[in-house]
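Only one structure is covered here, and it is reproduced in the block below.
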Amino acid sequence: MGLILAQLLTGLANAGALFMVASGLSLIFGVTRIVNFAHGSFYMLGAYVGWSAMQVLPGALGFWGAILVAGVIVGLVGAAVEMLILRRVYAAPELFQLVATFGVILVVQDLALMIWGPTDLLGPRAPGLTGVVRVMGEPVPQYDLALIAITPGVALALWYLIAKTRVGILVRAATQDREMVGALGVNQSWLFTGTFFLGCALAGLGGALQLPKGGADLLMDFTILAQVFVVVVIGGMGSLPGALIASVLISVINVFGVAYLPQSTLVLTYVVMVAVLIWWPFGLLGRAEVAGELGQVGAPEEPVRPAGWPVRAGVAAALVLLATLPAWGGGFALVLATDILIFCLFAASLHFLLGQGGLVSFGHAAFYGGGAYVAALLVRHADTPMELALILAPLGAGLGALIVGWVALRASGVYFAMLTLAFAQLLWSLVYQWGDVTGGDDGIVGIWPADWASGGAAFFWLTLVLCVGGILVLRHAAHAPFGYALRASRDAPLRAEATGLDTRRIRLVAFAFAGAMAGLAGGLFTFSKGSVFPNELEIARSFDALIVVFLGGVKTLSGGWVGGGVFKSAEDLLTRFDYWRLALGLLIIAVVIAAPEGIVGTLKRLARRQGGEDR
Amino acid sequence: MTPVLEARHLTRHFGAIRAVDDVSFALAPGELLALIGPNGAGKSTCFNMAMGQLAPSSGQVLLEGRDITGWPARRIWRAGVGRTFQITATYASMRVIENVQMACLSHHRRTFSLIPRAHRLYRDEAMALLETVGMGAQAERHAAILAYGDLKRLELAMALAHAPRLLLMDEPTAGMAPGERAALMELVAGIVAERGTAVLFTEHDMDVVFGHAQRIMVMNRGQIIADGTPQAIRGDARVREVYLGGGAITAGRGADG
Numbered sequence: 033m034g035l036i037l038a039q040l041l042t043g044l045a046n047a048g049a050l051f052m053v054a055s056g057l058s059l060i061f062g063v064t065r066i067v068n069f070a071h072g073s074f075y076m077l078g079a080y081v082g083w084s085a086m087q088v089l090p091g092a093l094g095f096w097g098a099i100l101v102a103g104v105i106v107g108l109v110g111a112a113v114e115m116l117i118l119r120r121v122y123a124a125p126e127l128f129q130l131v132a133t134f135g136v137i138l139v140v141q142d143l144a145l146m147i148w149g150p151t152d153l154l155g156p157r158a159p160g161l162t163g164v165v166r167v168m169g170e171p172v173p174q175y176d177l178a179l180i181a182i183t184p185g186v187a188l189a190l191w192y193l194i195a196k197t198r199v200g201i202l203v204r205a206a207t208q209d210r211e212m213v214g215a216l217g218v219n220q221s222w223l224f225t226g227t228f229f230l231g232c233a234l235a236g237l238g239g240a241l242q243l244p245k246g247g248a249d250l251l252m253d254f255t256i257l258a259q260v261f262v263v264v265v266i267g268g269m270g271s272l273p274g275a276l277i278a279s280v281l282i283s284v285i286n287v288f289g290v291a292y293l294p295q296s297t298l299v300l301t302y303v304v305m306v307a308v309l310i311w312w313p314f315g316l317l318g319r320a321e322v323a324g325e326l327g328q329v330g331a332p333e334e335p336v337r338p339a340g341w342p343v344r345a346g347v348a349a350a351l352v353l354l355a356t357l358p359a360w361g362g363g364f365a366l367v368l369a370t371d372i373l374i375f376c377l378f379a380a381s382l383h384f385l386l387g388q389g390g391l392v393s394f395g396h397a398a399f400y401g402g403g404a405y406v407a408a409l410l411v412r413h414a415d416t417p418m419e420l421a422l423i424l425a426p427l428g429a430g431l432g433a434l435i436v437g438w439v440a441l442r443a444s445g446v447y448f449a450m451l452t453l454a455f456a457q458l459l460w461s462l463v464y465q466w467g468d469v470t471g472g473d474d475g476i477v478g479i480w481p482a483d484w485a486s487g488g489a490a491f492f493w494l495t496l497v498l499c500v501g502g503i504l505v506l507r508h509a510a511h512a513p514f515g516y517a518l519r520a521s522r523d524a525p526l527r528a529e530a531t532g533l534d535t536r537r538i539r540l541v542a543f544a545f546a547g548a549m550a551g552l553a554g555g556l557f558t559f560s561k562g563s564v565f566p567n568e569l570e571i572a573r574s575f576d577a578l579i580v581v582f583l584g585g586v587k588t589l590s591g592g593w594v595g596g597g598v599f600k601s602a603e604d605l606l607t608r609f610d611y612w613r614l615a616l617g618l619l620i621i622a623v624v625i626a627a628p629e630g631i632v633g634t635l636k637r638l639a640r641r642q643g644g645e646d647r
Numbered sequence: 078m079t080p081v082l083e084a085r086h087l088t089r090h091f092g093a094i095r096a097v098d099d100v101s102f103a104l105a106p107g108e109l110l111a112l113i114g115p116n117g118a119g120k121s122t123c124f125n126m127a128m129g130q131l132a133p134s135s136g137q138v139l140l141e142g143r144d145i146t147g148w149p150a151r152r153i154w155r156a157g158v159g160r161t162f163q164i165t166a167t168y169a170s171m172r173v174i175e176n177v178q179m180a181c182l183s184h185h186r187r188t189f190s191l192i193p194r195a196h197r198l199y200r201d202e203a204m205a206l207l208e209t210v211g212m213g214a215q216a217e218r219h220a221a222i223l224a225y226g227d228l229k230r231l232e233l234a235m236a237l238a239h240a241p242r243l244l245l246m247d248e249p250t251a252g253m254a255p256g257e258r259a260a261l262m263e264l265v266a267g268i269v270a271e272r273g274t275a276v277l278f279t280e281h282d283m284d285v286v287f288g289h290a291q292r293i294m295v296m297n298r299g300q301i302i303a304d305g306t307p308q309a310i311r312g313d314a315r316v317r318e319v320y321l322g323g324g325a326i327t328a329g330r331g332a333d334g
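Following this line, the structure appears as structure tokens:
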């Protein structure tokens, strides 16, 4: 009994930081409709800034003062990010916002590395709260009890602010109907900046408050991000009470999971999340959301047309050049080209979903990593030959996509994106924790191609044929009746249904098709590396693909693979330098602001201007 | 003769409001029937129930004697019903002719086909439909840049792609210039005469209604209060009461809104 109570208290203490970050994220989403993926970075920043402030400020007063200072500074940084970057993408579809905030994540990571160095920082203990209290015989840290007392205080203050003050009325009004609030003469810019300040300050507070428990390190941004998304999605995007309930729920589940089901804590969390979303697609206390425009800003999308002969000739020449690479390129060039080709197919498969179907999936890595693991598991546990594994990998991934899509396609817009993310995380946690079968964190190693394909050149050619073939199949599908039906379902779903199209089934087939293609890329990846690790299923992998599609250009047919090629090459180039994340992050932010049509879109526009009256 | 469309005691509640209250009517093949009434009378609700976009609280919808109540919109379309929307819905990322080709592809059940190139399929069929509505010259234009009146005509061509026996048009001329309205309704009347397609349409423009409908039903507060020829409706005291508080309905003056 005492043990259970002590565990419950630990869970409640952990819920504190989680709630502060989640409520900030929820607040920002509610008012600005921006899903701030950089929120974990503000949390991390809070921890680092708090740590530095604690070095300077003395004593108990200094400790608590440093936490407040961290909140204010991080809030100001958040406001600056809002004014400099996000203000330009409010009107844009969610993909833009994801990409912009992802750029911020990269920048913050490297800035933190620059300022505080790569070593994990140990948090100072709270003066006067270093001991433990016995609760029914079980030790409970005093600081945990302090956190349990502070969290409701913060929640209460937040409630007072939202429910009782003029600012709160404006925030609530904006959450309900932004346009109306603007029409009534409220200065939206300042309201949005203020919301960002508050939301980021909360994240910063959360980060600083957990210093005595967890310290500060450079991985905490993604760690908390994954948890916070679970919380926000379960609680309902934009709902503060929802965030509170879900923070407590998840923290308590985690604590008890660690104690009683240590092998499946993560899985448990994501199972709860998926279960909630199946019954309440908008979260426990969230409101049904009308999906915004998907795709990309700018001029309406051009009708698709087959490529002209100059483009075809150019691509054919490039392919011939590529096919002869083993003759003139070195071993490293072959490895790099193989990597790029695989990534291009992965990106092209997501681009098909996004560009043709308007389906923004935040969890496409589930099918890429899924295909990689299908191949690896078949070889490891069933001695499957490579050829068969490369057939079964896309089939397995496609089947998985069929199941995920069946659930996720009940929602649309941000909620569809969140559901796909939830499933990807569920799969990742399964692979990560089911060590007996998947090898867990150690991955599966020693998965090499068949003898005939084991030379560098042979495997490169195999990859070339399969990836280019896959990309061409995806491209052809866009020109085929199915691609037209998919675009029709996206452009005008009511019209599509009223002319006999089963839009849900069309989307589901497209989802499975794209999943299968990602699975093929994943299978090839496994054999090219000879191994696979859980990070092929991570959020970061899904985001890579999204950013690539965005960089290439959503409203074009070639955006996927062009973006993939450019991104992988640039990454290879940049990662040779220190602080490459900073450079990449700034580059991404610059593209969001300066060239929102992406590489292919911008090239097309320039070519058209050059052609003059040709159009 | 079996009516093309028959509504039997259709009722739909929204909370405590009876948007449509025990409505029954029948539509003969080749008939051009207008459904009119003030805002909030229940016209669109009636319409959406006939097309499967809204489930009735009670009552039945019969298509050529077959009970289609509760069918999804796409199945009703397959059964031979085309429709246009109050706010036009076309595929903005496609060309004009591709919009119609898409409807043809669906009619010929080629939606899931992955082999041929779609823009080569059913071109002649689609072109003929575009000619029917006078859009042949604009076939290769991008649908996103069409004028509103042209979008309405494109929608009509799409709705005709499977040679429907019944056409449902929700405010077909809303947002069009007066000259365009007459032209569009003449087009529809011509199709009715030539193909024998029955048409049910809602409309606010009294010129359009009295100039083209063969029969008019008037709804008010969820119920049909009058049903007859334009002459009969014009002389109906209850209709005057609803519309003009007792004044006369005259062709030549629109009663928009």
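From first to last, the protein sequence lines are chains A and B.
Numbering (the working numbering) for the first sequence: 33 to 647.
Numbering (the working numbering) for the second sequence: 78 to 334.
Every residue gets a Cβ at the ideal spot worked out from N, C-alpha and C, and that includes glycine.
Values in this document were obtained by computation on a predicted structure and should not be read as measured data.
Would you mind reading off the limits of the alpha helix (DSSP H) that contains residue i?
i         : result
Ser101(B) : Element bounds for Ser101(B): not the alpha helix (DSSP H) but the beta strand (DSSP E), Ile94 to Leu104.
Glu570(A) : Neither: Glu570(A) is in no alpha helix (DSSP H) and is coded neither H nor E.
Leu300(B) : For the record, residue 300(B) in the displayed sequence is Gln; it is not Leu. Element bounds for Gln300(B): not the alpha helix (DSSP H) but the beta strand (DSSP E), Gln300 to Gly305.
Gly268(A) : Careful: Gly268(A) lies outside any alpha helix (DSSP H) and carries neither H nor E.
Leu8(A)   : Given that chain A is displayed from residue 33 to residue 647, the structure contains no residue 8(A) and the question cannot be resolved.
Thr558(A) : Thr535 to Lys561
Thr279(B) : Premise fails: Thr279(B) lies in the beta strand (DSSP E), Ala275 to Thr279, not in any alpha helix (DSSP H).
Val598(A) : Gly591 to Leu606
Met212(B) : Taken as a continuous stretch (DSSP letters only), Met212(B) belongs to no alpha helix (DSSP H), as it is neither H nor E.
Keeping to the same chain, check which residues put their C-beta closer than 6 Å to that of residue i; ignore five residues upstream and five downstream.
i         : result
Phe399(A) : Ala429, Ala433, Gly547, Ala550 and Gly551
Ala221(B) : Ala169
Val299(A) : Ser461, Leu462 and Gln465
Gly48(A)  : Leu179 and Thr183
Glu568(A) : Gly401 and Ala404
Between which two residues does the beta strand (DSSP E) carrying residue i extend?
i         : result
Glu83(B)  : Leu82 to Phe91
Gln137(B) : Ser135 to Leu140
Among residues of its own chain, excluding the 5 on either side of residue i, which ones have a beta-carbon nearer than 8 Å to its beta-carbon?
i         : result
Gly34(A)  : Val167, Met168, Gly169 and Glu170
Val316(B) : Val295, Ile302, Ala303, Ile310 and Ile326
Leu243(B) : Val81, Leu82, Leu104, Leu140, Gly157, Val158, Gly159, Thr274, Ala275, Val276 and Leu277
Leu366(A) : Leu357, Pro358, Gly488, Ala489 and Phe492
Arg647(A) : Only weak support exists for where Arg647(A) lies, its pLDDT of 37 falling under 50; the value from the coordinates is given anyway. Counting only Cβ-Cβ distances below 8 Å, and skipping sequence neighbours, we find Arg640.
Bridge partners for residue i per DSSP, in chain order?
i         : result
Gly159(B) : Leu244(B)
Asp415(A) : Its beta-bridge partners do not exist; DSSP assigns none.
Glu170(A) : Val167(A)
Asn297(B) : Gln300(B)
Ile113(B) : Val295(B)
For residue i, which residues of its own chain have a beta-carbon under 7 Å away from its beta-carbon, when the five flanking residues on both sides are left out?
i         : result
Glu325(A) : Residue placement at Glu325(A) is flagged as unreliable, the pLDDT there being 40, under the threshold of 50; the coordinate-derived value follows with that caveat. Within the same chain, Glu325(A) has close Cβ partners Pro125.
Met212(B) : Val173, Asp227, Arg230, Leu231 and Ala234
Leu589(A) : Val336, Arg507 and Ala510
Ala92(A)  : Pro159 and Gly160
Ala93(B)  : none
Glu257(B) : Gly226
Cys376(A) : Cys499, Ile503, Trp593, Gly596 and Gly597
Ala206(A) : Val63, Val213 and Leu223
Just confirm the distance between the C-beta atoms of residue i and residue j, as a whole number of angstroms; I'd bet it's less than 8 Å.
i         : j         : result
Phe134(A) : Phe575(A) : 6 Å
Ser283(A) : Asn68(A)  : Wrong, their Cβ atoms sit about 21 Å apart, outside the cutoff.
Please confirm if the segment 378–398 of chain A is in contact with the segment 608–622 of chain A, defined as three or more CB-CB distances below 8 Å between the two stretches. no
Touching by the beta-carbon criterion (3+ pairs, under 8 Å), the segment 450–468 of chain A and the segment 294–307 of chain A: yes
Can we say the segment 132–144 of chain A touches the segment 462–473 of chain A, given the rule of at least three CB pairs closer than 8 Å? no
Would the segment 517–534 of chain A count as touching the segment 552–559 of chain A if we require 3 or more Cβ pairs under 8 Å? no
Touching or not, the segment 398–414 of chain A and the segment 559–566 of chain A, by the rule of three or more beta carbon pairs under 8 Å? yes
Indicate whether the contact test is met: 3 or more Cβ pairs, each with one atom in the segment 127–144 of chain B and one in the segment 88–106 of chain B, closer than 8 Å. yes
Any 3 or more C-beta pairs closer than 8 Å across the segment 233–246 of chain A and the segment 68–78 of chain A: yes
Would you call the segment 511–522 of chain A and the segment 190–209 of chain B in contact, with 3 or more CB pairs under 8 Å? yes
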